[in-house]
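S.K.:
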Amino acid sequence: MLEQLLIFTRGGLILWTCKELGKALKGSPIDTLIRSCLLEERSGEVSFNYEAYTLKWTFHNDLGLVFVAVYQRILHLLYVDDLLSLVKESFSEIYDPKRMSYDDFDETFRQLRMEAEARGEELRKVKVVSCVKKQGQVSKSGLDGGNKSGGGGSKKDDGDGDKDKVGSLMTNGNHKDDDKTDLANGKENTADNVVLDPSKLMKLRSKGVRGRGGVRKTDSIGNKSSKVSAAEPPKKATKKNRVWDDAAPKQVKLDFTDSVGENGNGNHDHVDIAAADQGESMMDKEEVFSSDDESEDDDDDEPRSDEKKPEAKKKGWFSSVFQSITGKANLERTDLEPALKALKERLMTKNVAEEIAEKLCESVEASLEGKKLASFTRISSTVQGAMEDALIRILTPRRSIDIMRDVHAAKEQRRPYVVVFVGVNGVGKSTNLAKVAYWLQQHKVSVMMAACDTFRSGAVEQLRTHARRLQIPIFEKGYEKDPAVVAKEAIQEATRNGSDVVLVDTAGRMQDNEPLMRALSKLINLNKPDLVLFVGEALVGNDAVDQLSKFNQKLSDLSNSGTTRLVDGILLTKFDTIDDKVGAALSMVYISGAPVMFVGCGQSYTDLKKLNVKAIVKTLLK
Amino acid sequence: MENLEGLKLMAEQWSNQGIEYLQKIPPFQLYAAIGLLLLTTVLLLSFRLVRRTKSNTVLLSGLSGSGKTVLFYQLRDGSSHQGSVTSMEPNEGTFVFHSEHAKKGKIKHVHLVDVPGHSRLRPKLEEFLPQAAAIVFVVDALEFLPNCRAASEYLYDILTNANVVKKKIPVLLCCNKTDKLTAHTKEFIKKQMEKEIEKLRASRSAVSTADIANDYTIGIEGEVFSFSHCCNRVTVAEASGLNGETVQVQDFIREYI
Numbered sequence: 001m002l003e004q005l006l007i008f009t010r011g012g013l014i015l016w017t018c019k020e021l022g023k024a025l026k027g028s029p030i031d032t033l034i035r036s037c038l039l040e041e042r043s044g045e046v047s048f049n050y051e052a053y054t055l056k057w058t059f060h061n062d063l064g065l066v067f068v069a070v071y072q073r074i075l076h077l078l079y080v081d082d083l084l085s086l087v088k089e090s091f092s093e094i095y096d097p098k099r100m101s102y103d104d105f106d107e108t109f110r111q112l113r114m115e116a117e118a119r120g121e122e123l124r125k126v127k128v129v130s131c132v133k134k135q136g137q138v139s140k141s142g143l144d145g146g147n148k149s150g151g152g153g154s155k156k157d158d159g160d161g162d163k164d165k166v167g168s169l170m171t172n173g174n175h176k177d178d179d180k181t182d183l184a185n186g187k188e189n190t191a192d193n194v195v196l197d198p199s200k201l202m203k204l205r206s207k208g209v210r211g212r213g214g215v216r217k218t219d220s221i222g223n224k225s226s227k228v229s230a231a232e233p234p235k236k237a238t239k240k241n242r243v244w245d246d247a248a249p250k251q252v253k254l255d256f257t258d259s260v261g262e263n264g265n266g267n268h269d270h271v272d273i274a275a276a277d278q279g280e281s282m283m284d285k286e287e288v289f290s291s292d293d294e295s296e297d298d299d300d301d302e303p304r305s306d307e308k309k310p311e312a313k314k315k316g317w318f319s320s321v322f323q324s325i326t327g328k329a330n331l332e333r334t335d336l337e338p339a340l341k342a343l344k345e346r347l348m349t350k351n352v353a354e355e356i357a358e359k360l361c362e363s364v365e366a367s368l369e370g371k372k373l374a375s376f377t378r379i380s381s382t383v384q385g386a387m388e389d390a391l392i393r394i395l396t397p398r399r400s401i402d403i404m405r406d407v408h409a410a411k412e413q414r415r416p417y418v419v420v421f422v423g424v425n426g427v428g429k430s431t432n433l434a435k436v437a438y439w440l441q442q443h444k445v446s447v448m449m450a451a452c453d454t455f456r457s458g459a460v461e462q463l464r465t466h467a468r469r470l471q472i473p474i475f476e477k478g479y480e481k482d483p484a485v486v487a488k489e490a491i492q493e494a495t496r497n498g499s500d501v502v503l504v505d506t507a508g509r510m511q512d513n514e515p516l517m518r519a520l521s522k523l524i525n526l527n528k529p530d531l532v533l534f535v536g537e538a539l540v541g542n543d544a545v546d547q548l549s550k551f552n553q554k555l556s557d558l559s560n561s562g563t564t565r566l567v568d569g570i571l572l573t574k575f576d577t578i579d580d581k582v583g584a585a586l587s588m589v590y591i592s593g594a595p596v597m598f599v600g601c602g603q604s605y606t607d608l609k610k611l612n613v614k615a616i617v618k619t620l621l622k
Numbered sequence: 001m002e003n004l005e006g007l008k009l010m011a012e013q014w015s016n017q018g019i020e021y022l023q024k025i026p027p028f029q030l031y032a033a034i035g036l037l038l039l040t041t042v043l044l045l046s047f048r049l050v051r052r053t054k055s056n057t058v059l060l061s062g063l064s065g066s067g068k069t070v071l072f073y074q075l076r077d078g079s080s081h082q083g084s085v086t087s088m089e090p091n092e093g094t095f096v097f098h099s100e101h102a103k104k105g106k107i108k109h110v111h112l113v114d115v116p117g118h119s120r121l122r123p124k125l126e127e128f129l130p131q132a133a134a135i136v137f138v139v140d141a142l143e144f145l146p147n148c149r150a151a152s153e154y155l156y157d158i159l160t161n162a163n164v165v166k167k168k169i170p171v172l173l174c175c176n177k178t179d180k181l182t183a184h185t186k187e188f189i190k191k192q193m194e195k196e197i198e199k200l201r202a203s204r205s206a207v208s209t210a211d212i213a214n215d216y217t218i219g220i221e222g223e224v225f226s227f228s229h230c231c232n233r234v235t236v237a238e239a240s241g242l243n244g245e246t247v248q249v250q251d252f253i254r255e256y257i
């Protein structure tokens with residue numbers, strides 16, 4: 001049954017709630033919906049899950065109204081979408097900006113609800129009948145219970161309806177199509193395990209809080225973990241040398257590391273110590289960007305679409321000019337489509353991941369549909385303006401990224417501020433760690449490095465060299481040691497000698513590599529860092545989405561104690577190698593919700609900047 | 001040199017021609033034309049001066065969830081209707097306060113703007129700051145301590161904004177939700193905010209001036225920060241959006257509009 005249906009303005013005032021269904025909602029689902037979904041430019045999604053509820057919404061963009069329906073997640077009500085659109089139509093007729101209370105709408109709502117429920121019943125009966133027919137073809141008795149949309153009883157589970165459905169969908173692989181048509185909320189159950197939608201992200205974050213440590217493992221992950229955990233106790237805790245299969249015979253282990261003391265006061269003093277002052281880090285320099293006129297870039301749209309249908313385009317151009325002067329009644333989806341498609345292509349040429357561009361366009365479409373076009377504006381410029389707003393909103397950080405303030409706060413509590421650099425291989429973790437250390441040192445913060453990359457040859461030496469050049473202490477234990485333990489000891493050492501910040505370097509690892517992700521998660525759980533910084537390169541394309549979502553997933557799945565730590569910030573590297581293909585920043589921020597804290601734009605110590613949101617948005621839409 | 005001479009001669013010729021032409025026009029038309037020109041310039045200048053009368057815009061800002069939208073509707077309609085949710089867009093209105101409807105006489109309208117507090121919508125505040133005549137910064141007195149740092153950062157950003165410093169826009173620190181039992185007092189909130197801003201001052205000035213986007217620094221060097229150090233007036237008041245106790249806020253607004 002429907003729990004609640006609300007109508008409120010975009011400015012935040014609630015205009016009408018259903019008094020019949022007067023049950024108070026647990027928690028604050030509407031506020032969470034707004035904060036995690038609508039303001040995050042995910043309004044193109046079909047529904048949003050919050051604890052035990054599912055929320056569906058629709059906008060009336062012209063009047064600036066939002067209609068939200070809340071119902072129990074375990075039920076799959078077919079008629080909600082229908083009901084929402086009916087409510088939207090009838091409410092917009094009686095809406096008056098001056099009026100604040102709409103008690104007469106109760107009666108109308110009751111009728112609409114009965115109508116929608118009746119329609120839903122009919123639909124369900126038709127589907128059950130067709131489903132029974134299909135039964136003869138394949139044997140999938142298990143899925144029947146799930147197909148009955150009204151009940152959904154057999155799939156009752158506290159909160160992981162999504163995952164179970166996906167699991168069952170996978171086991172009945174070839175009949176996915178049938179499932180899709182049968183299940184009411186087909187779209188929300190599609191296998192977008194790749195893209196982390198906001199409900200999952202929220203779930204990942206809140207998992208630890210609700211203390212459901214081991215319950216939620218699904219079939220696939222569950223099997224793997226049980227197998228591995230069975231194998232682990234008998235094995236010793238030392239890290240085995242990685243053997244890359246094939247013909248390589250056992251070679252003599254090549255190890256040229258010199259035995260040096262803890263603080264690297266070895267015999268290699270001929271290394272330059274001159275890095276004390278290389279000038280101001282670019283973090284502190286004002287960003288000077290040319291303010292070109294952003295006005296008539298729409299001219300680019302016209303010649304590009306010339307390649308397509310010239311005839312239809314000609315008519316379209318004339319009518320759009322006419323409409324732009326008169327100001328057409330309402331924007332329809334069909335009007336927005338060409339402009340949005342062009343915009344999506346443009347974003348993709350700027351190296352934004354395809355799924356992200358798609359979602360963004362859907363979200364902008366949802367926010368513009370039905371809006372009245374102001375006179376003397378073209379559709380393309382309205383769409384451009386809306387997209388620009390959306391991009392600025394996404395790239396503006398959700399929380400303050402004032403690291404200095406955090407460092408000071410940690411200093412007051414007499415503990416070091418711990419930053420862990422994670423990422424895949426070869427993105428520039430060690431280089432950028434040195435840059436961050438240089439920047440912090442310029443601002444009179446005492447830094448210590450911890451060399452927890454105990455796998456790659458030369459990693460410890462690399463950090464040692466940086467430490468020597470910057471004159472900062474480094475904590476290292478050589479190779480083949482457990483990184484989590486090294487990090488722990490490094491933090492203890494920092495507390496002892498009063499360092500303000502500890503920068504922990506980890507080995508690069510692919511997001512699919514299960515044992516390495518487990519090791520990373522162990523490091524984070526054991527040491528509870530203040531900031532988990534994901535280092536990503538700006539050259540990456542669609543893989544950024546996969547990397548970040550899998551990192552987040554693994555970090556949350558493998559966390560044991562109460563608090564789940566996800567990626568807190570992003571460090572974008574190799575920014576100087578891309579000219580204007582800055583889309584990776586957008587993809588990463590959208591998929592993880594974490595702000596970009598630093599941008600690495602070169603290979604010397606001073607090449608560290610902050611993200612200039614306006615410049616990036618301008619470049620993306622140029 | 002010859003060029004200059006040539007140009008001078010040409011200029012003289014043109015001026016002569018112009019004078020002859022002018023003399024040909026009947027004097028009445030000439031005077032009428034000049035009179036019209038003077039009139040329009042005088043009108044434009046007077047409009048300019050008249051328009052520079054003080055703006056009547058008041059901004060309601062603060063963190064998300066502090067009660068700005070409720071306060072807005074209380075001031076406008078005298079009731080918060082059926083409650084509110086997180087705002088996605090600003091609420092604007094030009095009106096006389098609900099409690100002042102009964103008063104006789106000409107009361108100036110107030111252009112009240114409720115700016116969303118969500119951090120992603122922070123740029124909206126920048127749009128409205130240039131036209132603001134006063135700012136009401138709403139703080140949740142009930143859930144003050146968890147949000148203290150974020151609130152003080154927001155207030156610090158406002159107090160160091162170029163528009164606010166140059167025009168000396170007065171700020172009211174309004175402690176909302178004081179009808180609840182466990183709400184903090186305004187003195188406590190004031191002291192806490194001063195302490196936090198002092199810490200922010202230390203950490204932000206430790207960074208070079210071009211780094212963080214704060215236009216100015218506030219307070220006096222070497223002394224612990226206090227709101228009296230600001231060049232614009234900062235006062236503290238209490239209010240309760242749900243109960244409709246907004247007297248102190250209204251008095252503050254009326255002082256400046």
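Just so you know, the sequences run in chain order A and B.
Residue 1 is where the first sequence starts when you use UniProt numbering, and the numbers rise one by one after that.
Residue 1 is where the second sequence starts when you use UniProt numbering, and the numbers rise one by one after that.
For each residue, glycine too, the CB sits at the ideal point set by N, CA and C.
What you are looking at is a predicted structure, and each value in this text was computed from that prediction instead of being measured.
Using a C-beta cutoff of 8 Å, does B/Thr235 count as contacting chain A?
M.R.: The residue you call residue 235 of chain B lines up with position 235 of the second sequence. Chain A, which has no Cβ nearer than 8 Å to the Cβ of B/Thr235, makes this no.
S.K.: Can you look up A/Tyr438 in the DSSP assignment and give me helix, strand or coil?
M.R.: Numbered from 1 along the first sequence, position 438 holds the residue referred to as residue 438 of chain A. Three-state DSSP puts A/Tyr438 in a helix.
S.K.: Could you confirm whether any beta carbon from chain B is found closer than 8 Å to the beta carbon of A/His76?
M.R.: On the first sequence, position 76 is the one that residue 76 of chain A refers to. Chain B, which has no Cβ nearer than 8 Å to the Cβ of A/His76, makes this no.
S.K.: Report the three-state DSSP secondary structure of A/Phe455 (helix, strand or coil).
M.R.: Counting from one through the first sequence, the residue named residue 455 of chain A turns up at place 455. Three-state DSSP puts A/Phe455 in coil, outside helix and strand.
S.K.: Note the first and the last residue of the continuous beta strand (DSSP E) segment covering B/Val136.
M.R.: Against the second sequence, residue 136 of chain B aligns to sequence position 136. Here the beta strand (DSSP E) through B/Val136 covers Ala132 to Asp140.
S.K.: Would you call the segment 420-440 of chain A and the segment 16-30 of chain B touching, i.e. three or more CB-CB distances under 8 Å?
M.R.: Counting Cβ pairs under 8 Å, fewer than three are found: no touch.
S.K.: Closest to B/Thr69 by C-alpha separation, out of B/Leu39, B/Gly105, B/Phe137 and B/Leu159, would be which residue?
M.R.: Against the second sequence, residue 69 of chain B aligns to sequence position 69. Looking from the CA of B/Thr69, the closest CA among B/Leu39, B/Gly105, B/Phe137 and B/Leu159 belongs to B/Phe137.
S.K.: If the cut is a Cβ gap below 9 Å, which residues of chain A does B/Glu153 touch?
M.R.: Numbered from 1 along the second sequence, position 153 holds the residue referred to as residue 153 of chain B. When 9 Å is used as the limit between beta carbons, B/Glu153 is near these residues of chain A: Ser400, Asp402 and Arg405, in chain order.
S.K.: Alpha carbons only, please: which of B/Glu245, B/Glu100, B/Arg76 and B/Ala102 is nearest the one belonging to B/Asn91?
M.R.: Within the second sequence, residue 91 of chain B is the residue found at index 91, counting from 1. Checking every option, the nearest Cα to that of B/Asn91 belongs to B/Arg76.
S.K.: Is it right to say A/Val132 is buried, meaning 16 or more other beta carbons lie within 10 angstroms of its own, or is it exposed?
M.R.: What you label residue 132 of chain A is simply residue 132 of the first sequence in a count that begins at 1. Label assigned to A/Val132: exposed.
S.K.: Confirm, please, whether the CB-CB distance from B/Glu198 to B/Phe225 is below 8 Å.
M.R.: The count along the second sequence starts at 1 and reaches residue 225 of chain B at position 225. The count along the second sequence starts at 1 and reaches residue 198 of chain B at position 198. Yes.
S.K.: Using the three-state DSSP reduction, which class does A/Met282 fall into: helix, strand or coil?
M.R.: Translated into the one-based positions of the first sequence, residue 282 of chain A becomes position 282. Helix at A/Met282.
S.K.: Taking the C-alpha atoms as reference points, what is the distance between A/Leu78 and A/Arg35?
M.R.: As a first step, residue 78 of chain A must be located in the first sequence, where it is residue number 78. As a first step, residue 35 of chain A must be located in the first sequence, where it is residue number 35. Going by the C-alpha atoms only, they are around 26 Å apart.
S.K.: When every heavy atom of the ligand PLP is checked, does at least one fall within less than 7 Å of the C-beta of B/Gly62?
M.R.: No copy of the ligand PLP appears in this structure; indeed no ligand is present at all.
S.K.: Helix, strand or coil: which one does DSSP assign to A/Arg304?
M.R.: Locating residue 304 of chain A in the first sequence gives position 304, counting from the first residue. Per-residue confidence for A/Arg304 stands at a pLDDT of 41, beneath the threshold of 50, marking its modelled position as unreliable; no derived number is given.
S.K.: Whose Cβ in chain A lies nearer than 7 Å to the Cβ of B/Tyr73?
M.R.: Numbered from its first residue, the second sequence carries residue 73 of chain B at position 73. In chain order: Leu13.
S.K.: Could you check how far apart the C-beta atoms of A/Leu343 and A/Val383 are, in whole angstroms? I think they sit under 8 Å.
M.R.: Residue mapping note: residue 343 of chain A aligns to position 343 of the first sequence, counting from 1. Residue mapping note: residue 383 of chain A aligns to position 383 of the first sequence, counting from 1. At roughly 6 Å, the Cβ-Cβ gap stays under 8 Å, so A/Leu343 and A/Val383 are in contact.
S.K.: Kindly indicate the opening and closing residues of the alpha helix (DSSP H) around B/Phe128.
M.R.: Numbered from its first residue, the second sequence carries residue 128 of chain B at position 128. Looking at the DSSP string, the run of the alpha helix (DSSP H) that includes B/Phe128 is Pro123 to Phe128.
S.K.: Can you give me the start and stop residues for the alpha helix (DSSP H) that A/Gly583 sits inside?
M.R.: Translated into the one-based positions of the first sequence, residue 583 of chain A becomes position 583. From DSSP, the alpha helix (DSSP H) with A/Gly583 extends over Gly583 to Ser592.
S.K.: May I have the straight-line CA-CA distance separating B/Tyr256 from B/Ala133, to the nearest angstrom?
M.R.: For the purposes of this step, residue 256 of chain B is taken as the residue at position 256 of the second sequence. For the purposes of this step, residue 133 of chain B is taken as the residue at position 133 of the second sequence. Those two C-alpha atoms are separated by around 7 Å.
S.K.: Does any residue of chain B have a CB that is nearer than 8 Å to the CB of A/Lys165?
M.R.: The count along the first sequence starts at 1 and reaches residue 165 of chain A at position 165. Note that A/Lys165 scores 43 on pLDDT, short of 50, meaning its location in the model is unreliable; the coordinates nonetheless yield the value given after this. Cβ-Cβ to chain B under 8 Å: no for A/Lys165.
S.K.: For a minimum of 4 consecutive residues, which ranges assigned as the alpha helix (DSSP H) are wholly contained in the segment 1-37 of chain B?
M.R.: 2-24
S.K.: Got a sec, what are the start and stop residues for the alpha helix (DSSP H) B/Cys148 sits in?
M.R.: Along the second sequence, read from residue 1 onward, the residue named residue 148 of chain B stands at position 148. B/Cys148 -> alpha helix (DSSP H) spans Phe144 to Leu159.
S.K.: B/Val164 and B/Asn232 look like a contact to me (Cβ under 8 Å); what is the Cβ gap, rounded to whole Å?
M.R.: Residue numbering aside, residue 164 of chain B sits at position 164 when the second sequence is read from its first letter. Residue numbering aside, residue 232 of chain B sits at position 232 when the second sequence is read from its first letter. B/Val164 to B/Asn232, Cβ: 6 Å. Contact.
S.K.: Starting from the N-terminal side, write out each stretch of the alpha helix (DSSP H) that is 4 residues or longer and does not extend beyond the segment 28-52 of chain A.
M.R.: 29-33
S.K.: Using the C-alpha atoms, what's the distance from A/Thr32 back to B/Val171?
M.R.: Your numbering for residue 171 of chain B matches position 171 in the second sequence. Your numbering for residue 32 of chain A matches position 32 in the first sequence. Distance between the alpha carbons of B/Val171 and A/Thr32: 30 Å.
S.K.: Below 8 Å on the Cβ atoms is my contact criterion, and I expect B/Gln82 with A/Ile94 to pass it. Report the Cβ-Cβ distance as a whole number of Å.
M.R.: Reading the second sequence from its first residue, position 82 is the one you call residue 82 of chain B. Reading the first sequence from its first residue, position 94 is the one you call residue 94 of chain A. Not a contact, Cβ separation roughly 16 Å.
S.K.: Is the Cβ of B/Val85 closer than 8 Å to any Cβ of chain A?
M.R.: What you label residue 85 of chain B is simply residue 85 of the second sequence in a count that begins at 1. For B/Val85, the answer is yes, since a Cβ of chain A falls inside 8 Å of its Cβ.
S.K.: In this structure, what does DSSP give as the bridge partners for A/Gly536?
M.R.: For the purposes of this step, residue 536 of chain A is identified with residue 536 of the first sequence, where counting begins at 1. Note: A/Gly536 sits in a beta bridge opposite A/Leu572.
S.K.: Examine the Cβ distances between the segment 412-419 of chain A and the segment 1-12 of chain B and report whether three or more of them are shorter than 8 Å.
M.R.: no
S.K.: Consult DSSP for A/Leu2 and reduce its assignment to one of helix, strand or coil.
M.R.: On the first sequence, position 2 is the one that residue 2 of chain A refers to. The DSSP-derived three-state label of A/Leu2 is strand.
S.K.: So, at 6 Å on beta carbons, what are the nonlocal neighbours of B/Glu194 in its own chain, with the 5 sequence-adjacent residues on each side left out?
M.R.: Looking up residue 194 of chain B in the second sequence gives position 194. Sequence-distant Cβ neighbours of B/Glu194 in its own chain, meaning closer than 6 Å and more than five residues away, are Phe225 and Ser226.
S.K.: Leaving out the 5 sequence neighbours to the left and right, which residues in its chain are closer than 8 Å to A/Leu39 when beta-carbon positions are compared?
M.R.: Indexing the first sequence from 1 puts residue 39 of chain A at position 39. Result list for A/Leu39: Arg393, in chain order.
S.K.: Residues of chain B with CB closer than 7 Å to the CB of A/Ser92, please, in chain order.
M.R.: By 1-based counting over the first sequence, the position of residue 92 of chain A is 92. Think of a sphere of 7 Å around the beta carbon of A/Ser92: no beta carbon from chain B falls inside it, the nearest being about 18 Å out.
S.K.: Reducing DSSP to helix, strand and coil, say where B/Leu45 ends up.
M.R.: Within the second sequence, numbered from 1, the residue matching residue 45 of chain B stands at position 45. Note: B/Leu45 maps to helix in three-state DSSP.
S.K.: Could you give the residue range of the beta strand (DSSP E) that holds residue 624 of chain A?
M.R.: Absent from the structure is residue 624 of chain A, since the part of chain A shown begins at 1 and ends at 622.
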